[in-house]
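Q:
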Amino acid sequence: MKKISILGSTGSIGVNTLNVIRELNEDFSIKYLTANSNSELLI
């Protein structure tokens, strides 16, 4: 299992990173997500 953290997960790079992780279907464990001003996307 690969444990990762994504800083700025609601920005364009963070969203694209999450999409890539979803498409890879590998065994990822997301430990931390951070957001600056768009925290509604985290919910």
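Residue numbers (my numbering): 1 to 43. Where a beta carbon is used, it is the ideal one built from N, C-alpha and C, also for glycine.
So, for D27: in the same chain, excluding its five sequence neighbours on each side, which residues have a beta-carbon less than 8 angstroms away from its beta-carbon?
A: In the sequence shown, counting from the first residue as 1, residue 27 sits at position 27. Same-chain partners within the cutoff: M1 and K2.
Q: Taking Cβ to Cβ, would you say G14 is nearer than 8 angstroms to I6?
A: On the sequence shown, position 14 is the one that residue 14 refers to. On the sequence shown, position 6 is the one that residue 6 refers to. The answer is yes: Cβ separation under 8 angstroms.
Q: Taking the alpha-carbon positions, what's the S29 to L18 distance?
A: Stepping through the sequence shown from its first residue, residue 29 is reached at position 29. Stepping through the sequence shown from its first residue, residue 18 is reached at position 18. Computed Cα separation, rounded: 12 angstroms.
Q: Can you give me the start and stop residues for the alpha helix (DSSP H) that L24 sits inside?
A: Translated into the one-based positions of the sequence shown, residue 24 becomes position 24. L24 -> alpha helix (DSSP H) spans S12 to L24.
Q: Between N25 and N36, what straight-line distance do the alpha-carbon atoms span, to the nearest angstrom?
A: Within the sequence shown, residue 25 is the residue found at index 25, counting from 1. Within the sequence shown, residue 36 is the residue found at index 36, counting from 1. Rounded to the nearest angstrom, the two C-alpha atoms are 27 angstroms apart.
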